[in-house]
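Using the working numbering, the first residue of the sequence shown is number 158, and each one after it goes up by one.
No residue lacks a Cβ here, since even glycine has one placed at the ideal position from N, Cα and C.
All values reported here derive from a predicted model rather than from experimental measurement.
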Amino acid sequence: MKIVLTCLFGLESLVRDDLTSIGYDCSNISVSDGSVTLNADDDDWESDVARVNMWTRRAERVLFEVGSFPAKQFEELFDGASRLPWDDFIPEGYAFIINGYSRKSKLFGISACQSLVKKAIVKSLCRARGLRADGIIAEDAAKGVVRVNFGIVNDVVSIMIDTSGEGLHKRGYRPLTHEAPIRETLASGMVSLARYKPYGAEALADPFCGSGTILIEAAMMACNIAPGKNRHFSYESLPYIGEYARKKAYEEALSLEDSERPDDCYFFGSDIDPKAIESSIRNAKAAGVDGHIRFNVADAATRTPSSFESITGFKRTMVITNPPYGGRLMTVEEAYDIYKMISSLYLTSKGTCKPGMRLSVISPDDSFEEATGHKADKRVKLYNGNIKCQLNNYFKLNRD
């Protein structure tokens with residue numbers, strides 16, 4: 158059974174790491190643009206679906222593949238979809254919804270493809286349930302809903318069933334109240350891409366913490382708290398996977414968690430908006446890491462390297478932040494002023510890190526580099542929603 162994890166572009170290697178960290182072998186994992194595929198054991202793939210949903214920090218959705226086949230014409234799409242064993246995966250009475258996409262393929266009319274796949278599924282179910290070929294399949298969303306997704310890439314069709322329901326970035330600890338929040342999946346990815354190692358000789362700080370997402374994700378990683386612990390998934394309503402699979406995954410998550418409060422302050426966040434800090438504190442508590450993060454209200458301009466040391470007690474600080482930027486919360490000119498302020502606080506005039514500092518800033522494209530005149534030591538292309546961004550990592554010290 159192929160289990161497919163979709164993700165934001167730029168996070169694919171981290172999704173693979175999510176899988177290997179919970180015991181899956183690299184030889185069973187393949188990576189492509191925007192997705193990672195796990196070849197699961199046919200005898201226990203249902204448990205794998207539950208574990209992957211529970212543990213993946215950087216994926217957006219988890220699906221399993223019903224089948225794949227080549228198709229360049231609508232007739233081939235219909236025939237291929239109708240041959241799949243839909244009666245095994247769509248329980249009687251359940252409603253089913255079709256969504257999909259097409260890339261670099263002759264079949265590109267999505268609405269037409271959706272309609273055709275729906276008709277093909279109805280034909281397959283009628284055949285399996287002893288109904289006439291032109292019979293009607295009753296659908297009742299109150300009983301349950303199966304979300305079917307198709308992808309057509311290079312004239313090859315893959316048809317899958319979504320097992321996540323709401324996107325996996327919705328961990329369950331953060332209500333959508335703060336303006337322009339960063340996705341939890343992206344925040345977690347930024348922490349790893351910045352190469353922050355928790356419980357070492359370096360504190361992690363965010364002077365534009367907003368709803369606290371970057372720090373909360375980092376603390377959850379440090380405590381090995383499963384990102385899916387506080388939410389439910391659509392697979393629980395599917396009788397061939399069910400609630401028991403989630404219960405097993407949940408019990409495993411609890412057994413591997415280590416959320417003992419440390420003596421030192423490894424995670425610190427501030428924001429100029431008192432309401433944002435109130436939200437951060439609530440979110441950290443809901444995520445189970447409120448004892449690990451210190452928040453307070455402050456202007457980011459006051460967060461100097463020495464202020465971090467006085468707050469955390471660490472001589473080294475890693476700043477990872479998602480400051481407001483043009484087109485999101487302010488004008489481009491205002492965003493550039495913020496970038497220059499960040500640079501003056503943590504970088505030298507040569508663009509190297511000030512003593513005791515490392516810096517990682519996400520910005521649209523290369524706008525941070527353009528505003529500050531300092532090229533990042535390492536750049537990573539990412540997407541924040543539909544906005545093409547760049548993670549700018551600075552780690553080199555001035556050796557002069």
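Span separating the alpha-carbon of residue i from that of residue j
| i | j | result |
| --- | --- | --- |
| threonine 488 | isoleucine 544 | 15 Å |
| aspartate 201 | aspartate 190 | 27 Å |
| lysine 507 | phenylalanine 525 | 15 Å |
| glutamate 374 | serine 412 | 19 Å |
| valine 344 | arginine 286 | Contrary to the premise, residue 344 reads as alanine rather than valine in this sequence. Roughly 47 Å between the two C-alpha positions. |
| serine 268 | isoleucine 255 | 10 Å |
| tyrosine 551 | alanine 528 | 15 Å |
| phenylalanine 265 | proline 480 | 38 Å |
| histidine 335 | histidine 531 | Confidence is the limiting factor: at histidine 335 the pLDDT is only 48, short of 50, which leaves the residue's position unreliable, though a coordinate-based value still follows. Rounded to the nearest angstrom, the two C-alpha atoms are 31 Å apart. |
| valine 172 | alanine 295 | 38 Å |
| lysine 511 | alanine 444 | 33 Å |
| aspartate 291 | valine 279 | 9 Å |
| glutamate 169 | serine 187 | 10 Å |
| valine 314 | leucine 176 | 25 Å |
| leucine 395 | valine 305 | 13 Å |
| threonine 505 | aspartate 523 | 19 Å |
| threonine 461 | tyrosine 503 | 7 Å |
| lysine 432 | phenylalanine 452 | 12 Å |
C-beta contact flag for residue i and residue j at 8 Å
| i | j | result |
| --- | --- | --- |
| alanine 376 | isoleucine 450 | yes |
| threonine 163 | serine 192 | yes |
| arginine 388 | lysine 327 | yes |
| leucine 288 | aspartate 244 | no |
| tyrosine 251 | valine 302 | yes |
| valine 206 | tyrosine 392 | yes |
| phenylalanine 166 | tyrosine 540 | yes |
| phenylalanine 471 | alanine 379 | no |
| threonine 474 | glycine 513 | yes |
| asparagine 185 | arginine 331 | no |
| serine 239 | aspartate 312 | no |
| alanine 402 | alanine 383 | no |
| alanine 360 | tyrosine 423 | yes |
| methionine 211 | tyrosine 493 | no |
Bridge-paired residues (DSSP) for residue i
| i | result |
| --- | --- |
| glycine 257 | Phe307 |
| methionine 158 | According to DSSP, which records beta bridges pairwise, methionine 158 is partnered with nothing at all. |
| serine 436 | In DSSP, serine 436 forms no bridge with anything. |
| methionine 475 | Leu361, Arg515 |
| glutamate 222 | Met317 |
| glycine 250 | Glu296 |
| alanine 216 | Cys164 |
| isoleucine 382 | The partner list for isoleucine 382 (beta bridge, DSSP) is empty, contrary to what the question assumes. |
| serine 520 | Gln547 |
Extent of the continuous alpha helix (DSSP H) to which residue i belongs
| i | result |
| --- | --- |
| proline 462 | 462-469 |
| asparagine 562 | Outside the shown range of the chain, which is 158 to 557, sits residue 562, and nothing can be said about it. |
| phenylalanine 231 | 231-239 |
| aspartate 175 | 169-178 |
| isoleucine 499 | 489-503 |
| serine 349 | 341-350 |
| valine 274 | 267-285 |
N-terminal and C-terminal residue of the beta strand (DSSP E) that residue i is part of
| i | result |
| --- | --- |
| threonine 194 | 192-196 |
| phenylalanine 424 | 424-428 |
| phenylalanine 452 | 450-454 |
| lysine 545 | 544-551 |
| tyrosine 407 | Careful: tyrosine 407 lies outside any beta strand (DSSP E), inside the alpha helix (DSSP H) at 399-413. |
| valine 537 | 535-541 |
| serine 506 | It is not in any beta strand (DSSP E) - serine 506 carries neither H nor E in the DSSP assignment. |
| serine 189 | 186-189 |
At least three beta-carbon pairs within less than 8 Å, the region 488-504 to the region 448-462:
yes
Are the region 504-519 and the region 347-355 touching by the rule of at least three beta carbon pairs closer than 8 Å?
yes
Would you say the region 401-417 touches the region 461-476, given that touching needs at least three Cβ pairs under 8 Å?
no
Measuring CB atoms only, is the region 205-222 touching the region 317-331, in the sense that at least three cross pairs come out at less than 8 Å?
yes
Whether or not the region 222-237 and the region 387-406 are in contact is what I'm after, with contact meaning three or more pairs of Cβ atoms, one per stretch, closer than 8 Å; do they touch?
no
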